[in-house]
Structure formats: C-alpha cells, structure tokens
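Chains Y and R are the protein sequences, given in the same order. Taking this note's numbering, the leading residue of the first sequence gets 346, the next gets one more, and so forth. Taking this note's numbering, the leading residue of the second sequence gets 15, the next gets one more, and so forth. Backbone N, C-alpha and C define an ideal beta-carbon position, used for all residues, glycine too.
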Amino acid sequence: MSTTAAIAPLRLGLVGSPNSGKTTLFNALTGLRAKVGNYPGVTVERREGSANFDGRQSVVIDLPGTYSLSPISPDEEVVVRVLDGELSDAPEALAVVADACTLERSLLMLAQILRREIPTCLVLTMTDEFQRRGGQIDIPRLERALGIPVLPVVGHRGIGIPQLRRLLAKPEDWSRPHLMPPEEIHARAGWVESILENVLTRRPGSSRKSDAADRIVLHPVIGPLLFAAVMVTFFQLIFAWAQPAMDFIDAGVALLGKTVHAQLPAGLFTDFLADGLIAGVGSVIIFLPQILLLFTLLYLLEDIGYMARAAFVIDRVMAKVGLEGRAFVSLLSSYACAVPGIMATRTIPSPRHRLVTILVAPLMTCSARLPVYALLIGAFVPAVRVAGPFGLQGLVLLGLYLAGSLTALLVASVLTRTVLREDAMPFYMELPPYRMPTARLLASQVGRSAWAFLRRAGTIILAVSIVLWCLLTFPRQPAPVGASPEEASRYAIEHSFAGRAGHAIEPLIEPLGFDWKIGIGLIASLAAREVIVSTLAQIYAASDQDTSLRASIQNDIDPRTGEKTFDPATVASLLVFFVFALQCMSTLAIMRRETNSWRWPVFAFSYLLALAYGASFATHHIVESLLR
Amino acid sequence: MALPTEPPKPADRNDAGVPLSSLAPGRRATVVHVDASTPEGQRLQELGFLPETEIRVVRRAPLGDPIAFLLRGAQICLRRSEAARIRVREAEPDPDPGSGSGSGSGSGSKA
C-alpha cells in the first residue's frame with residue numbers, strides 16, 4: 346500500500362474565498378516550492394506545490410479564491426473545472442479554507458462542495474483574531490454537524506500546522522457527511538443557520554481596531570487626502586527609487602558589452618554576444634527593480650488591507666469611465682512603466698475591467714518616452730518662460746502627459762460601452778480587517794510575480810531583441826574605404842534589413858512628415874521607445890548622443906526639398922506619435938502573458954498605431970497650415 | 015417576475031421593503047428580497063445577501079459611492095446600483111448609533 350502512495354502523490358485541493366488566508370496556508374504546507382503556470386486556455390494562474398505529509402508525497406493545488414461554486418468569473422469557473430477534473434487530474438481530497446470570523450458565508454460554499462462527494466475537511470483560519478473579537482465556537486460539535494474533520498489554525502504563526510499535516514496525510518480516514526446539504530441557495534442558508542445556531546456559542550464582533558482605523562482612513566475628508574498621499578508616495582517610489590538600480594543595470598550591461606568587445610576578437614560573434622545577447626538580457630533585467638518595488642508596495646498595501654480601501658475611495662471616479670477602483674493603481678504604475686502596470690491588473694477580479702485596464706495602460710506616459718521627449722523638446726522647443734516658473738518646454742511635456750492620460754480614460758469609456766460591453770460583472774469587494782503583513786508571505790508573493798515576469802515575458806523580450814539586432818546588423822556590407830567608425834556604423838545600419846525597411850516605409854510615413862531615418866528609428870524603437878534615440882545617433886553618426894545628436898537633427902537638411910528634416914510640423918507630429926503608439930515589445934509580451942493569447946496585444950498594437958497615425962497626420966497638417 | 019418565490023414571510027406579505035441603497039449609514043435592516051433574475055443578483059445571494067439576513071450600513075465612500083455593508087461578520091461594499099437590487103425592511107433606529115462596535119451583528123433571527 347505504501348508503495349502505491351509513493352508512486353502517485355496525493356492530489357489535495359485548497360478551496361476558499363479571497364482573504365481567507367489560503368495563500369498563507371499554502372506557503373506553510375509547501376514551503377516556497379510552488380510551480381506557477383497557467384491553466385490551458387484561461388488567464389488564471391495555476392499554482393501547485395509538493396509537500397510531504399507524514400511521509401506521504403502530495404501535490405497541493407492552490408485554487409483561485411472564490412465565494413461560490415456557481416461561477417460567474419473565469420477564476421471561479423477554473424475552480425469548478427478543476428474539481429470536475431477537466432483542467433487537470435481532479436483533486437482526490439479537498440481542504441476548504443475558511444476565515445473563522447466569516448464562517449457563515451464560507452459555509453454557504455462548503456455546502457456546495459460537500460455535494461460533490463470528494464473527501465473534504467474544513468480548516469478554520471484566523472482563529473486568533475476570532476477569539477480576540479469575542480467569538481466562541483464548539484469545534485467538536487461543528488465536526489459532528491458537518492460530518493467532516495474541522496481543524497483550527499493560525500497560519501502565519503504555524504499554530505495547528507503539524508496537526509493539519511497529520512490530518513492531510515490520510516484523507517481515506519476522514520469522516521463523510523451523513524446527509525447531503527441542499528443545493529438551492531435559500532435552503533442552503535437555512536442549513537448553515539441550523540448548524541451555526543448550536544456551534545457558534547458567541548459570534549465575533551466586528552474588529553474594534555479596524556473600525557477605529559476605518560473611521561480615519563475612510564473619513565470623508567481625511568480619506569481622499571490619505572489616498573492622494575499614498576498614491577503620490579507610491580508613484581514617487583516606483584519612479585525615483587527604481588532609477589538608481591536601473592542606471593546601475595544599464596551601466597553594468599554597457600560595461601559588460603564593452604569588455605566583451607575589448608577581450609574578444611572583433612567579428613560577428615563578438616558583436617552578437619555584446620550587442621545582441623548581453624544587451625537583450627539587459628533589456629529584460631532592467632525591468633526587475635521596478636517590478637520588485639512595485640509588487641513589494643502593492644502586496645504590502647494589499648496584505649495590510651489598504652488596497653481594498655483605496656479602491657473604495659476612488660471607485661466612483663473610475664466608474665465614470667467604466668472601470669473600477671482597483672484599476673487606478675495599475676494605471677498609476679503605468680506612468681513608470683506599462684509592464685509592471687499591466688501585471689498589477691491581477692488584483693482586478695472582473696475580467697472585463699481587467700482587460701480594458703490592460704488595453705489602455707500603454708497610453709499612460711511611461712518613463713521610456715522621457716528620453717525621446719527630452720531629445721525633441723530640448724532640440725526644438727525654445728526654453729522660454731511662459732508664466733512665472735513655468736517654461737514652454739515644461740508645458741509641452743505636461744501637455745504630452747495629459748494627452749496620453751486623457752486618451753486612456755476616453756478609450757476605456759469607449760471600450761466598456763462598445764466591444765467589451767458584454768459579460769458585465771457586479772462590482773463587489775470585501776473590506777477585510779486590517780492585518781499585520783508577514784515578511785514570509787510578502788516575499789513569496791513578490792518572488793512569484795518577479796519569476797513569472799522573467800519566465801513568461803522575459804523570454805519573449807529576449808527573443809525579440811535578438812531578432813531586432815539581426816535586422817539592424819544583416820546583411821553585412823563592408824563600409825567604404827577610409828570611413829570613420831561612426832560613418833561605418835551609419836553605413837551598416839542604412840544597408841541593413843531595418844535600414845531598407847526604413848526606406849520602404851517612407852511613403853507610408855511621409856504624410857506624417859517622417860523621412861526614412863525616422864522610419865528606421867521607429868522600427869528600432871519597437872525594442873523599447875528610448876532606442877530611437879540611440880538609433881538616430883547611429884544614423885546621424887553622432888559620437889555623443891546628447892549634444893551632437895541634438896545639433897545633427899537641428900541642422901539636418903532634406904536633400905529633396907532643401908528644407909530642414911525636423912521642421913516644427915515634423916517634431917510635433919513625432920511627439921504625438923510617441924504619445925499614442927505602442928512602440929514596446931515588452932508591453933506586448935506582458936499583454937500576451939496576462940491575457941494568454943496574442944489576440945489582445947495585436948488589438949492594442951493596431952488600435953494604438955491607428956490612433957498614433959491619425960493624430961500625427963492631423964498634427965502635421967495643422968501645424969504646417971498654421972505656419973504657412 | 016422573480017424566479018425564486020419569496021421565502022416564508024407570513025407577517026408582512028404586502029411589505030415589499032425599500033432598496034438597501036436608500037438607507038443612511040449606521041442604519042440596520044433585514045433583507046426581504048433579492049432580485050435573482052440575473053447572474054449579478056445570484057452572486058449577491060451567494061455573498062450572503064439572503065432573506066432574513068441582518069445588515070448594517072457601515073459607511074459610504076467619501077464620494078458617495080460605493081457603500082460598505084456589514085453582514086455575516088464581513089464587510090462587503092457594493093455600488094449603489096447593485097445595492098438597489100436588494101429590498102430590505104429597516105429596523106428601528108439604533109438607540110446608540112455612535113458605538114459602531116457591531117457586537118450584535120450576524121443573522122440571529124430564527125425563522
């Protein structure tokens with residue numbers, strides 16, 4: 346018998362509502378050795394971890410948090426389909442995780458689960474909080490009434506975990522319910538009521554500390570002020586704190602590339618290693634500081650219980666554009682970078698709200714646009730004072746930020762009223778009591794997210810950067826004799842596939858006022874927006890990006906017209922193009938991961954390209970006719 | 015109109031109740047009926063908004079919407095439009111509305 350157990354590990358499913366302490370319990374049972382993936386065909390995260398219960402090998406499946414087995418969201422549908430064995434081998438036993446303080450509600454779902462006749466036990470979490478709030482429960486009586494084993498635990502302190510492991514080792518021995526609970530919801534509620542009447546000898550009061558805190562945190566005046574303060578701090582930390590680490594990675598990757606160039610013989614392999622591979626890996630890990638910081642803050646606020654409050658405060662505003670409160674944080678993060686911003690949409694339970702948020706996140710002005718804006722504004726917008734401390738350059742920059750943000754809200758309200766109007770989900774959200782976050786839970790949440798990014802999006806980003814490097818490198822043609830290194834580099838890029846593509850798309854982008862050089866820049870900037878700056882520098886054979894590139898583009902003359910390539914209409918048009926266009930493969934890669942299909946990244950890329958093209962076209966013509 | 019007929023409620027048959035969204039913060043009420051003709055309504059039932067459930071209106075968000083309710087030991091917030099699907103019978107005003115400790119929360123009433 347023990348040999349069969351050793352061959353096929355026991356499959357144990359953890360079921361419970363959001364905030365029930367399920368994740369803490371999962372970590373306590375499996376250590377941090379969780380395997381993270383996706384269920385086939387759906388975007389819901391799949392987490393399994395192996396565990397050893399008293400010598401019995403087991404696989405613990407952490408099912409998505411759900412309030413009911415009557416599914417209305419994809420997350421909940423996954424729970425039902427896993428229990429049915431449709432998505433993976435069905436679990437052989439279930440542990441239903443329930444917060445002791447909200448036991449009444451949890452039993453409504455437990456009744457549905459017991460009807461499936463899988464061996465089931467009930468794990469009561471937060472029992473310390475339950476007692477603090479004056480609750481009293483008769484566990485043996487609850488066991489008898491339900492007919493299944495019931496075990497109280499305090500997950501974050503490990504209390505009850507050894508007993509739980511012993512229990513989970515032998516689901517064959519678990520008692521089964523004598524009577525099946527009713528199915529219909531009103532009858533089910535009656536069943537719950539009749540059980541708890543005799544078991545809950547004293548119901549817990551509401552948490553006094555939480556109530557007191559909420560009177561301040563959700564105060565009509567203090568609440569919004571606190572919200573603004575938290576969000577400004579949040580934004581500042583993501584924007585500013587990550588920068589030193591990102592600069593460090595940037596410098597490190599550059600140094601490594603230089604070292605490779607210096608140490609290895611010059612040639613294609615060395616170029617590939619330094620400029621293709623190392624730079625490609627660099628373009629993946631450059632996101633890690635922001636992602637780690639974002640998720641640390643996000644999960645910290647979530648674990649404390651503030652995230653739901655923040656959504657509660659801002660929901661009214663977001664509802665105006667068809668989104669919900671929880672979308673705010675994601676859009677705010679997207680000002681730093683759309684990649685962590687899109688990852689942050691996981692806290693949004695409604696798939697429709699989540700998708701719309703993902704689709705508009707790239708319109709928030711991310712930090713990668715700043716080098717582009719800085720180059721163009723610095724070179725072409727005169728540094729004059731307009732009013733008081735406000736200069737024209739700053740106002741143009743502000744205008745670009747506003748244009749992106751307002752368009753995001755506009756697109757969101759259009760999408761929620763048109764293509765994504767169907768499958769509306771009710772807005773409901775639990776405001777959990779404030780809780781002390783634990784470092785262990787936080788670390789596992791942040792580590793999981795960072796790892797998911799590296800594995801799912803990082804691989805795509807790396808592959809695309811290498812492809813782009815190839816397009817900018819091949820076919821290799823020898824530069825004319827006597828050319829300086831800068832001229833040789835310019836010659837190589839002009840005759841590469843990307844260079845030819847730049848020439849080829851010139852007729853398409855001419856109405857926007859762009860020539861083939863900007864065309865190459867646009868193609869290269871698919872890697873990341875700021876890459877257009879270094880590409881232009883290479884094309885203009887500029888040795889130093891900051892000053893001489895600025896001078897080069899200021900003085901460049903279009904040979905056909907005899908006029909400046911970068912006239913005001915072209916500069917305005919290019920700035921507008923960057924406000925809208927989704928020139929970022931990392932964003933596309935993360936969209937692919939988060940929606941589990943190429944459909945939405947393709948949709949986002951297309952609609953943003955159309956928007957960018959139209960807006961640039963209009964801008965070019967308006968500015969041109971104004972100046973004529 | 016609604017599929018599930020109203021559960022036993024012999025006393026006040028003609029009392030259709032008032033929408034939960036119309037109650038001021040601090041007030042208590044008992045659910046009379048939830049419109050379960052849509053998936054949204056069914057979800058409200060699964061969350062515990064069921065006839066005879068006692069609810070306390072905890073507070074409105076600073077901008078007036080959504081509204082937080084205390085029921086069955088948990089605080090759940092709903093938008094005004096969702097809360098309007100729930101018809102309730104308002105309880106007599108609390109003698110000490112300021113306390114807010116909610117020690118008497120939960121659906122203690124028996125059928």
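CB I561 (chain Y) to CB I594 (chain Y), shorter than 8 Å? No, the Cβ-Cβ distance between I561 (chain Y) and I594 (chain Y) is not below 8 Å.
If you draw a straight line from the alpha carbon of V404 (chain Y) to that of R93 (chain R), how long is it in whole angstroms? Between the C-alpha atoms of V404 (chain Y) and R93 (chain R) there is a straight-line separation of about 40 Å.
What is the DSSP secondary structure of N397 (chain Y), counted as helix, strand or coil? It is a strand residue.
Decide if I902 (chain Y) is buried, meaning its Cβ has at least 16 other Cβ atoms within 10 Å, or exposed. Classification of I902 (chain Y): exposed, given that the 10 Å Cβ count is below 16.
Cβ neighbour criterion (16 or more within 10 Å) applied to P946 (chain Y): Its Cβ being crowded by 16 or more others within 10 Å, P946 (chain Y) is buried.
Using a 10 Å radius around the Cβ and a threshold of 16 neighbouring Cβ atoms, would you call W536 (chain Y) buried or exposed? W536 (chain Y) comes out buried.
Where does C466 (chain Y) sit, in a helix, a strand or coil, going by DSSP? Reduced to three states, the DSSP call for C466 (chain Y) is strand.
Could you tell me the alpha carbon to alpha carbon distance between S675 (chain Y) and W861 (chain Y), rounded to whole angstroms? Taking the CA atoms as reference points, S675 (chain Y) sits about 36 Å from W861 (chain Y).
The region 80-92 of chain R: which residues have C-beta closer than 8 Å to a C-beta of chain Y, in chain order? Answer set for the region 80-92 of chain R: P80, A82, L84, R86, G87, A88, Q89, I90, C91 and L92.
Going by beta-carbon coordinates alone, are V441 (chain Y) and L370 (chain Y) separated by less than 8 Å? Their beta carbons are not under 8 Å apart, which means V441 (chain Y) does not touch L370 (chain Y) by this criterion.
Residues bridged to Q481 (chain Y) (per DSSP): Note: Q481 (chain Y) sits in a beta bridge opposite Y:R547.
Inter-residue Cα distance where the pair is R103 (chain R) and V45 (chain R): The alpha-carbon separation between R103 (chain R) and V45 (chain R) amounts to approximately 6 Å.
Check each candidate in Y:A438, Y:R426 and Y:P497 and name the one with the smallest Cα separation from V448 (chain Y). The sequence shown places Leu at residue 448 (chain Y), rather than the Val named in the question. Nearest C-alpha to L448 (chain Y): Y:P497.
Express the C-alpha separation of T710 (chain Y) and W519 (chain Y) in angstroms, rounding to a whole number. Straight across, the Cα-Cα distance linking W519 (chain Y) with T710 (chain Y) is about 56 Å.
Buried or exposed for T52 (chain R), going by 16 or more other Cβ atoms inside 10 Å? With fewer than 16 other beta carbons inside 10 angstroms of its own, T52 (chain R) counts as exposed.
Listed from N- to C-terminal order along the chain, which residues in the region 42-56 of chain R have their beta-carbon within a distance smaller than 7 Å of any beta-carbon of chain Y? Cβ contacts with chain Y: P53, E54 and Q56.
Among Y:T692, Y:F948 and Y:A882, the one whose alpha carbon lies nearest that of L760 (chain Y): Out of Y:T692, Y:F948 and Y:A882, Y:F948 has the C-alpha closest to the C-alpha of L760 (chain Y).
For Q928 (chain Y), name the three-state secondary structure that DSSP assigns. In the structure shown, Q928 (chain Y) sits in coil (DSSP, three-state: anything other than H, G, I, E or B).
Ignoring anything shorter than 3 residues or poking outside the region 40-80 of chain R, list the beta strand (DSSP E) runs there in chain order. Counting whole runs of 3 or more residues, the region 40-80 of chain R contains the beta strand (DSSP E) stretches 42-48 and 68-74.
Quick check: the region 639-647 of chain Y against the region 791-801 of chain Y, are at least 3 beta-carbon pairs closer than 8 Å? Contact holds: three or more Cβ-Cβ distances are below 8 Å.
So which of Y:G358, Y:D559 and Y:P634 has the shortest CA-CA distance to A583 (chain Y)? Ala is not the amino acid found at residue 583 (chain Y); the sequence shown has Ile there. Cα-wise, what sits closest to I583 (chain Y) is Y:P634.
Any beta-carbon of chain Y closer than 8 Å to the one on A98 (chain R)? False, the Cβ-Cβ gap to chain Y never drops below 8 Å.
Comparing the CB of Y651 (chain Y) with every heavy atom of the ligand ZN, is any distance shorter than 7 Å? With respect to the ligand ZN, the structure shown offers nothing to examine, as it has no ligands at all.
Interface residues of chain Y around S76 (chain R) at Cβ under 8 Å? The sequence as given places Pro at residue 76 (chain R); Ser does not occur at that position. Within chain Y, L563, H564, P565, V566, G568, P569 and V658 have C-beta atoms less than 8 Å from the C-beta of P76 (chain R), given in sequence order.
Please state whether DSSP places E529 (chain Y) in a helix, a strand or coil. Correct three-state label for E529 (chain Y): coil.
How is V764 (chain Y) classed by DSSP in three states: helix, strand or coil? Three-state DSSP puts V764 (chain Y) in coil, outside helix and strand.
Residues in the same chain with beta-carbon distance under 7 Å from A873 (chain Y), minus the five sequence neighbours each way, listed in chain order, please. Excluding positions up to five away in sequence, the list reads S628, A713, C929 and S931.
Would DSSP call S403 (chain Y) helix, strand or coil? Residue state, collapsed to three classes: strand.
Interface residues of the region 578-592 of chain Y facing chain R [CB-CB below 8 Å]: Answer in chain order: no residues at all.
If you check the beta carbons only, do R895 (chain Y) and A728 (chain Y) fall under 8 Å apart? Judged by beta-carbon spacing, A728 (chain Y) lies beyond the 8 Å limit of R895 (chain Y), meaning their Cβ atoms are not closer than that value.
Is I493 (chain Y) near V360 (chain Y), with beta carbons less than 8 Å apart? No, they are not a contact pair.
Cβ-Cβ distance between R511 (chain Y) and L453 (chain Y) below 8 Å: 8 Å or more divides the Cβ of R511 (chain Y) from the Cβ of L453 (chain Y).
Can you list, in chain order, the residues of its chain whose CB lies under 6 Å from that of F911 (chain Y), leaving out five sequence neighbours each side? Leaving aside the five residues that flank F911 (chain Y) on each side, the residues in its chain whose CB is nearer than 6 Å to its CB run, in chain order, I898.
Residues from the region 798-824 of chain Y in contact with chain R, defined by Cβ distance under 7 Å: Hits within the stretch: zero.
C-beta neighbour in chain R for P696 (chain Y), strict 8 Å: Under the Cβ distance rule, P696 (chain Y) does not count among the residues neighbouring chain R, no pair being separated by less than 8 Å.
Output, in chain order, the set of chain Y residues within a Cβ distance shorter than 9 Å of P65 (chain R). Per Cβ cutoff of 9 Å: H531 and A534.
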